[in-house]
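Trainee:
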Amino acid sequence: MFLFRESTSYNFLIFIVLIFNLFILLKIFNKKRFNSICKFWLNDSFNFDIEKPLIIKNDFSTSGFIIRAVIFATIVKSLIEKKFSANIIDFDIVKYSVLFSAFWIIRMCMEILIIKILKIGREILKFSYLRSILKEKLSFFYMIIIVFLIYFEVGGDVLTLILMPYLITILYIHISSIKNYFKVFKKKKVMIILYICTSEVAPLCLMFQLQKILQNL
0 MFLFRESTSY NFLIFIVLIF NLFILLKIFN KKRFNSICKF WLNDSFNFDI
50 EKPLIIKNDF STSGFIIRAV IFATIVKSLI EKKFSANIID FDIVKYSVLF
100 SAFWIIRMCM EILIIKILKI GREILKFSYL RSILKEKLSF FYMIIIVFLI
150 YFEVGGDVLT LILMPYLITI LYIHISSIKN YFKVFKKKKV MIILYICTSE
200 VAPLCLMFQL QKILQNL
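Residues 0 to 216, numbered by the working numbering, are exactly what the sequence shown covers, in order.
#1: Compare the C-alpha of residue 196 against each of 149, 114 and 75 and name the closest.
#2: Pick from 194, 157 and 188: whose alpha carbon is nearest that of residue 81?
#3: Evaluate contact between the stretch 147-155 and the stretch 78-92, counting only Cβ atoms and requiring at least three cross-stretch pairs below 8 angstroms.
#4: Using CA coordinates, which residue listed in 96, 34, 171 and 40 is at the minimum distance from residue 14?
#5: Among residues of its own chain, excluding the 5 on either side of residue 20, which ones have a beta-carbon nearer than 8 angstroms to its beta-carbon?
#6: What span of residues does the alpha helix (DSSP H) with residue 126 cover, start to end?
#7: From the DSSP output, read off the bridge partner residues of residue 188.
#8: Grouping DSSP H, G and I as helix and E and B as strand, with all else coil, what is residue 151?
#9: Could you check the C-alpha separation between residue 194 and residue 110 for me, to the nearest Å?
#10: With a Cβ-Cβ cutoff of 8 angstroms, do residue 130 and residue 173 count as a contact?
#11: In terms of alpha-carbon separation, which member of 70, 176, 75 and 40 lies closest to residue 125?
#12: Does DSSP put residue 81 in a helix, in a strand, or in coil?
#13: Taking only the alpha-carbon atoms, compute the straight-line gap between residue 65 and residue 178 and give it to the nearest angstrom.
#14: Identify, in the order they occur along the chain, each residue of the same chain with its Cβ nearer than 7 angstroms to the Cβ of residue 37, setting aside the five sequence neighbours on each side.
#15: Look at the alpha carbon of residue 171 and the alpha carbon of residue 16, and state the distance between them as a whole number of angstroms.
#16: From residue 98 to residue 117, what does the alpha carbon distance come to, in whole angstroms?
#17: Among 60, 59 and 94, which residue has its Cα nearest to the Cα of residue 71?
#18: If you draw a straight line from the C-alpha of residue 35 to the C-alpha of residue 143, how long is it?
#19: My guess is that residue 168 and residue 78 are in contact by the Cβ rule of under 8 angstroms, so how many angstroms apart are they, rounded?
#20: Just how far apart, CA to CA, sit residue 153 and residue 165?
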């Protein structure tokens with residue numbers, strides 16, 4: 000508790016308690032997913048059957064989603080301000096988390112809509128599941144890094160070198176997923192291109208508009 004006695008802000012303590020409770024909920028309700036995330040160095044997320052029906056209860060994790068949103072918001076804010084301390088956790092983190100959540104909710108709705116219109120097949124949503132697992136592993140790894148960073152005065156280029164790989168890895172996960180679309184759905188390339196434009200590009204445009212609104216709050 001020395002860290003928090005020295006700090007003028009208890010926001011970071013709230014942050015840690017929130018993340019800890021989310022992981023407890025994840026372990027209680029989805030132990031398999033919890034174990035997979037904690038063993039982030041294992042590439043077990045690719046052991047799946049693309050033809051297997053999508054089960055929302057098993058394939059979507061609310062706790063995992065919130066963890067991803069909070070970690071994403073913390074990293075983005077740290078990169079923008081080029082500094083990291085206990086005081087980094089403030090209302091801006093909430094705004095960035097809302098932005099993240101809005102993007103993915105819009106994206107998922109548009110995904111489901113375009114799947115029904117183009118009749119691609121709900122199997123493609125399994126790739127969203129794959130990406131979620133990989134991003135949750137990445138978030139867990141960077142959560143550990145964030146906890147360690149709080150003990151040091153890190154900023155500038157050093158902080159960028161530590162945190163930027165997070166965003167690069169997310170980009171890589173999406174690019175790899177897009178490549179897999181064309182491998183699995185070889186006979187529906189035009190449909191897949193329309194699907195990518197709708198599920199990837201359109202939500203980004205909406206997110207930038209939402210960002211402008213949040214900046215004025």
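A virtual CB, placed ideally from N, CA and C, is assigned to each residue, including glycine.
Being a predicted model, the structure only gives us computed values, none of them experimental.
Mentor: If we stick to the structure as given:
#1: Nearest option by C-alpha distance: 114.
#2: Nearest option by C-alpha distance: 157.
#3: The stretch 147-155, when compared against the stretch 78-92, does touch it at the 8 angstroms Cβ threshold.
#4: When 96, 34, 171 and 40 are compared, the shortest CA-CA separation from residue 14 is found for 96.
#5: Answer for residue 20: no residue qualifies.
#6: Here the alpha helix (DSSP H) through residue 126 covers 125-148.
#7: Bridge partners of residue 188: none, in fact.
#8: If DSSP states are grouped into helix, strand and coil, residue 151 belongs with coil.
#9: If I take the Cα positions, the gap works out to 7 angstroms.
#10: Yes; because the gap between Cβ atoms is below 8 angstroms, this pair is in contact.
#11: Here the closest residue by C-alpha is 176.
#12: Note: residue 81 maps to coil in three-state DSSP.
#13: Straight-line Cα distance between these residues: approximately 27 angstroms.
#14: The residues 139, in chain order, have a CB closer than 7 angstroms to that of residue 37 in the same chain once the five nearest residues on each side in sequence are set aside.
#15: Each residue's Cα considered, the two are about 30 angstroms apart.
#16: In this structure, the CA atom of residue 98 is about 28 angstroms from the CA atom of residue 117.
#17: Checking every option, the nearest Cα to that of residue 71 belongs to 94.
#18: So the two alpha carbons sit approximately 16 angstroms from each other.
#19: 14 angstroms between Cβ atoms; not a contact.
#20: When rounded, the distance between both Cα atoms is 17 angstroms.
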